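Residue numbers (my numbering): 1 to 283.
Note that beta-carbon positions come from the ideal geometry of N, C-alpha and C, so glycine has one too.
Please read all numbers here as calculations on a predicted model, not as lab measurements.
Presented below is the structure to which this report refers.
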């Protein structure tokens with residue numbers, strides 16, 4: 001069972017472990033003081049990477065700068081990859097606090113319970129050692145306050161129908177929440193893993209074209225048939241299905257890089273992308 005306070009698992013590994021060092025690192029990644037004009041008016045979607053900040057932090061920062069430019073989200077649904085294989089195909093934690101060096105972020109239990117009512121499985125074990133959701137919290141806390149409420153969901157790669165059903169459930173919940181307060185649906189995913197730089201860029205940009213076009217079936221088919229190593233691929237499919245339902249058809253690639261841009265090595269890299277999805281059902 002998940003403890004009510006989840007201590008950070010990858011602090012001092014994927015990101016700095018002290019408040020001062022983490023704040024300084026995020027300031028450098030964001031490159032400038034981010035000015036936030038009020039609260040978010042309409043909910044939106046975001047895809048950002050989750051590797052160590054030294055490798056993918058600049059790309060993630062581009063995504064969070066875009067989010068901040070739209071305003072302060074009142075809540076965040078974070079769809080993470082499932083690297084451990086623990087839990088259900090789609091897993092959720094429904095209560096508790098996740099601690100980072102910047103403070104304590106509470107799970108929005110009422111919203112989590114809405115997902116449980118939609119059939120999402122409570123499976124605490126999926127989150128005990130999973131880093132993909134944790135590494136997003138410091139960005140959110142640094143920009144929007146340490147106690148921003150969030151909902152953590154781990155997603156494997158089940159059938160297309162299951163992922164579409166998840167996306168439509170997210171859309172219904174977002175639609176209901178947005179009547180009061182708008183928030184953000186974040187997918188935490190890296191792209192191609194451990195391929196030559198040229199190959200990774202080519203494979204990733206073909207996949208990104210499908211994401212930008214909200215080609216749900218085509219992207220899912222590529223994941224399966226081409227055995228793409230996009231670790232949050234299932235979560236991306238769900239976000240795309242949600243976006244189609246909510247009219248988030250203004251899609252934009254904000255940043256793309258590979259680990260080779262940092263290490264200088266090109267024989268085996270990991271790809272990272274930041275993508276925003278905005279719009280509304282009535283256009």
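Query: With burial defined as no fewer than 16 other Cβ atoms inside 10 Å of the residue's Cβ, what is the status of residue 200: buried or exposed?; Result: buried
Query: Can you name the residues that DSSP bridges to residue 154?; Result: 80 and 91
Query: Assuming the contact rule is C-beta atoms closer than 8 Å, residue 93 and residue 189 should be a hit. Round their C-beta distance to whole Å, please.; Result: With a Cβ gap of about 19 Å, residue 93 and residue 189 do not count as contacting.
Query: Does the Cβ of residue 220 have 16 or more other Cβ atoms within 10 Å, making it buried, or fewer, making it exposed?; Result: buried
Query: Could you say which of 270, 9 and 155 lies nearest to residue 120 if we only look at CA atoms?; Result: 155
Query: Do residue 79 and residue 173 come within 8 Å of each other at the CB atom, strictly closer than that value?; Result: no
Query: For residue 99, report the span of its beta strand (DSSP E) as first-last.; Result: 97-100
Query: Taking Cβ positions, are residue 77 and residue 151 nearer each other than 8 Å?; Result: yes
Query: Would residue 273 and residue 204 qualify as a contact pair, given that the criterion is a beta-carbon distance under 8 Å?; Result: yes
Query: Just checking my contact of residue 163 with residue 238 at CB under 8 Å: how many whole Å lie between their CB atoms?; Result: 5 Å
Query: Taking only runs of the beta strand (DSSP E) that begin and end inside the region 132-215, which ones reach a length of at least 3 residues, in chain order?; Result: 150-155, 184-188 and 193-195
Query: Should residue 42 and residue 182 be called a contact, given that it needs their Cβ atoms to be closer than 8 Å?; Result: yes
Query: In chain order, what residues of the same chain lie with their CB nearer than 6 Å to the CB of residue 59, ignoring the 5 residues before and after it?; Result: 49, 255, 257, 272 and 274
Query: By DSSP's criteria, residue 277 is part of a beta bridge. Which residues make up the other side?; Result: 45 and 251
Query: Output yes or no for whether 8 Å exceeds the beta carbon distance between residue 64 and residue 139.; Result: yes
Query: Using C-beta distances below 8 Å, list every residue in its chain close to residue 108, excluding the 5 sequence neighbours before and after it, in chain order.; Result: 75, 149, 150 and 151
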